[in-house]
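A.B. asks: Those protein sequence lines, which keep their order, are chains A and B.
The numbering used here applies: residue 1 is where the first sequence begins, and numbers increase by one.
The numbering used here applies: residue 207 is where the second sequence begins, and numbers increase by one.
For glycine and all other residues, C-beta sits at the position ideal for the given N, C-alpha and C.
The structure displayed is predicted, hence computed values, not measured ones.
Pasting a structure here, questions to come.
There are 2 protein chains.
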Amino acid sequence: MEFSSKLLEQAVNRMAQFPGIGKRTALRLVLHLLKQPVSHTQKLANSLLQMREQINFCKNCHNISDTEVCEICANPSRNNTIICVVEDIRDVMAIEATGQFSGHYHVLGGKISPMDGIGPGELTIKPLLEKVKSGVVTELIFALSSTMEGDTTNFYIFKQIENLPIITSTIARGIAVGDELEYADEITLGRSIVNRVPFESSLKSQ
Amino acid sequence: MEFSSKLLEQAVNRMAQFPGIGKRTALRLVLHLLKQPVSHTQKLANSLLQMREQINFCKNCHNISDTEVCEICANPSRNNTIICVVEDIRDVMAIEATGQFSGHYHVLGGKISPMDGIGPGELTIKPLLEKVKSGVVTELIFALSSTMEGDTTNFYIFKQIENLPIITSTIARGIAVGDELEYADEITLGRSIVNRVPFESSLKSQ
C-alpha cells in the first residue's frame with residue numbers, strides 16, 4: 001500500500017497493530033475519523049490514554065476496577081470462601097451475567113503459554129496461592145477456557161494446592177472443547193457452574 | 207454489558223463508535239492495549255490525534271496530502287487535461303496500483319446520499335466544476351462505484367457540464383478478469399455485451 005501522506009500512513013500502521021485488524025480495515029477506520037469533527041478523535045484518544053494510564057486492578061481479585069477493592073470483592077453478601085479462577089475480565093462479565101455464582105473471583109490475567117512467553121510468573125498465581133494458603137478459602141473453581149493453555153494453567157495451580165484441605169472443581173464441560181468462555185450462551189455457562197465437577201474426575205474423563 | 211470500571215467502559219464505547227466494530231470487539235481491542243506497555247497506547251493516541259489535527263488536502267485534487275499540492279498533481283509528467291473523478295483516497299490508491307492511468311484525479315470526499323444527509327454542498331463538486339470550466343480539461347472519467355449514490359453523483363455532475371466541449375466517460379463495467387461468465391450477474395453481463403470493445407484494445411491493456 002502506497003500512501004500519499006506520512007501522517008495517514010503512520011495512523012493506519014498504528015491501528016493495524018490491533019489483533020485482527022489488517023491494513024485495509026485500519027485505513028477504513030482512520031478515514032472514518034477524518035469524516036468526524038476533530039473533537040471526536042480527541043475524545044477517543046483521551047479516553048484510550050486515560051484508560052491505559054489510570055486503570056486500576058482490584059488488590060484482592062486483580063480484576064479491572066476503578067476502586068482499590070472491586071465491587072464484587074467489597075460486597076459483603078458474596079461468599080469469599082469460594083473463589084472462581086478466570087483468565088480475564090471478559091470471563092468475570094460472562095459469569096456475572098449468568099447470575100449463578102455468588103462467590104469471589106480471581107483474575108489470572110492470562111494463561112500459561114510458553115509459545116507466547118507467558119509463564120506462571122506473568123500471571124497472578126502467587127497471590128492466589130497465598131489467598132488459598134491463608135485458610136479462608138474452602139473451594140476453588142477453575143473456569144479457564146478448555147484449551148491446551150487453559151488446561152496447563154489449571155493443572156499447574158492444582159499441583160500446588162492438591163495437598164491442602166480445600167475442594168477443587170472445574171466448570172462442567174457444557175462448553176465445547178476449544179470454545180472461548182466469552183462466546184458461550186448464558187444458560188450453558190450457567191449450567192456449567194452449577195454442575196461443576198471435582199478436578200480429579202475431569203482428568204479421568206479426558 | 208456491565209463493566210467493573212468506568213474508564214474501561216468509556217474506552218470501549220469510544221472504540222465501538224467505529225463502523226463495523228461492536229462492543230465485544232471493542233472490548234477485545236481495549237484489553238489488547240492493557241497488555242501492551244503504556245507507551246504503545248500513547249503512540250497510538252498521538253498518531254491518531256496528529257493525523258486528525260494536521261491532515262492536509264491537496265488544494266488541486268483534494269486528496270489527502272502532507273504538502274499543499276500532492277505528489278500526483280505536482281508531477282509534471284502527468285497529463286492534467288484528463289481528470290478521473292473518484293470518491294476517496296482508497297480509489298486513488300487502487301487506480302494508481304494498476305499503473306494504467308497517468309492523468310490527474312479529483313477526490314469528491316463521498317457520494318451524494320440524501321439518506322445520510324450528504325448533498326452536493328458537502329462534496330468538492332464546486333471546485334471540480336470550476337476546474338472543468340477553466341478550459342484546461344479535455345476529458346472527465348467518472349470512476350465512482352456503481353451504486354444508487356454513485357450513479358446519482360455521476361448524473362448530478364454530468365448535468366452541469368454536458369454543454370461544455372469536453373469528453374465524459376465512465377470506467378467500463380464488465381466481467382472481472384478471470385471470472386466465469388456463468389456466475390456473473392445479469393446486469394453486469396448485459397453491460398459487458400452492450401459496451402463491448404474492439405478485440406485489439408483488450409490485448410493492449412494486458
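At 9 Å on the CB atoms, spell out the chain B contacts of E2/A, in chain order.
C.D. replies: Within 9 Å Cβ-Cβ: M299, E302, A303.
A.B. asks: Exposed or buried, which one is S340/B when buried takes at least 16 other CB atoms within 10 Å?
C.D. replies: Exposed, since its Cβ has fewer than 16 Cβ neighbours within 10 Å.
A.B. asks: Is the stretch 77-90 of chain A in contact with the stretch 137-145 of chain A, if contact means three or more CB pairs nearer than 8 Å?
C.D. replies: Contact between the stretch 77-90 of chain A and the stretch 137-145 of chain A is present, because at least three Cβ pairs lie under 8 Å.
A.B. asks: Restricting to Cα atoms, I'd like to know which of E180/A, L7/A, Q42/A is closest to E149/A.
C.D. replies: Taking only the C-alpha atoms, the option nearest E149/A is E180/A.
A.B. asks: Assuming contact is defined by CB atoms lying nearer than 7 Å, are I270/B and S5/A in contact in what I supplied?
C.D. replies: Their beta carbons are under 7 Å apart, which means I270/B touches S5/A by this criterion.
A.B. asks: Assign G103/A to one of three DSSP states: helix, strand, or coil.
C.D. replies: Strand.
A.B. asks: Among L34/A, F101/A, D151/A, which residue has its Cα nearest to the Cα of Q256/B?
C.D. replies: Closest option to Q256/B, Cα to Cα, is L34/A.
A.B. asks: What is the residue span of the beta strand (DSSP E) that S169/A lies within?
C.D. replies: That run of the beta strand (DSSP E) goes 167-170.
A.B. asks: Just checking: is the beta-carbon of L350/B within a distance shorter than 7 Å of some beta-carbon in chain A?
C.D. replies: No, L350/B does not count as interfacial toward chain A.
A.B. asks: When you compare the CB of N269/B with every CB in chain A, is at least one pair closer than 7 Å?
C.D. replies: It does; some Cβ of chain A falls within 7 Å.
A.B. asks: Under a Cβ-count criterion, where at least 16 other Cβ atoms within 10 Å of its own Cβ denotes burial, should E169/A be classed as buried or exposed?
C.D. replies: In the sequence on display, residue 169/A carries Ser and not Glu. Classification for S169/A: buried.
A.B. asks: Select from the stretch 325-338 of chain B all residues with a C-beta closer than 9 Å to any C-beta belonging to chain A, and list them in chain order.
C.D. replies: Here the close residues number zero.
A.B. asks: Taking DSSP as the reference, what is the three-state secondary structure of L346/B?
C.D. replies: The answer is strand: DSSP assigns L346/B an E or B state.
A.B. asks: Identify the contact partners of Q256/B in chain A, using a Cβ-Cβ distance below 7 Å as the criterion.
C.D. replies: Simply L7.
A.B. asks: Could you compute how far the alpha carbon of S205/A sits from the alpha carbon of K111/A?
C.D. replies: Below a pLDDT of 50, predicted positions are generally treated as unreliable, and S205/A, at 49, falls in that range; no measurement from the model is reported.
A.B. asks: Residue ranges of each beta strand (DSSP E) run of no fewer than 3 residues wholly in the stretch 233-312 of chain B, ordered along the chain?
C.D. replies: With a minimum length of 3 residues, the continuous beta strand (DSSP E) runs that stay inside the stretch 233-312 of chain B are 285-292.
A.B. asks: Can you check whether the CB of L314/B is closer than 7 Å to the CB of E328/B?
C.D. replies: Against a cut-off of 7 Å, the Cβ pair of L314/B and E328/B comes out as no contact.
A.B. asks: Which same chain residues end up closer than 6 Å to S398/B when comparing Cβ atoms and leaving out the 5 residues on each side of it in sequence?
C.D. replies: Result list for S398/B: G380, I381, in chain order.
A.B. asks: Counting only beta-carbon atoms, is Q216/B nearer than 7 Å to chain A?
C.D. replies: At least one chain A Cβ lies under 7 Å of Q216/B.
A.B. asks: Quick one: grab the DSSP three-state call for Q206/A.
C.D. replies: Any reading at Q206/A must be qualified, since the residue scores a pLDDT of 46, below 50, and its modelled position is unreliable; no value is offered.
A.B. asks: According to DSSP, simplified to helix, strand and coil, what is I21/A?
C.D. replies: Coil.
A.B. asks: Within its chain, find whatever has a CB closer than 7 Å to the CB of V69/A; leave out the 5 residues flanking it on each side and keep chain order.
C.D. replies: C58, K59, N60, listed in sequence order.
A.B. asks: From the DSSP secondary-structure annotation, give me the bridge partner or partners of I363/B.
C.D. replies: DSSP lists no partner for I363/B.
A.B. asks: Would you list, in chain order, the members of the stretch 76-91 of chain A that have their beta-carbon closer than 8 Å to a beta-carbon of chain B?
C.D. replies: Of all residues in the stretch 76-91 of chain A, D88, I89, R90 have a Cβ within less than 8 Å of some Cβ in chain B.
A.B. asks: Does any C-beta atom of chain A lie closer than 7 Å to the C-beta of A251/B?
C.D. replies: Chain A, which has a Cβ nearer than 7 Å to the Cβ of A251/B, makes this yes.
A.B. asks: At what residues does the alpha helix (DSSP H) containing K111/A begin and finish?
C.D. replies: Where K111/A is concerned, there is no enclosing alpha helix (DSSP H), given that its DSSP letter is neither H nor E.
A.B. asks: Measuring alpha carbon to alpha carbon, tell me which residue in T394/B, G305/B, K229/B, E336/B is nearest Q366/B.
C.D. replies: When each option's Cα is compared against that of Q366/B, the closest is E336/B.
A.B. asks: Is there at least one Cβ from chain A nearer than 7 Å to F224/B's Cβ?
C.D. replies: Yes, F224/B lies at the interface with chain A (some Cβ there is under 7 Å from its Cβ).
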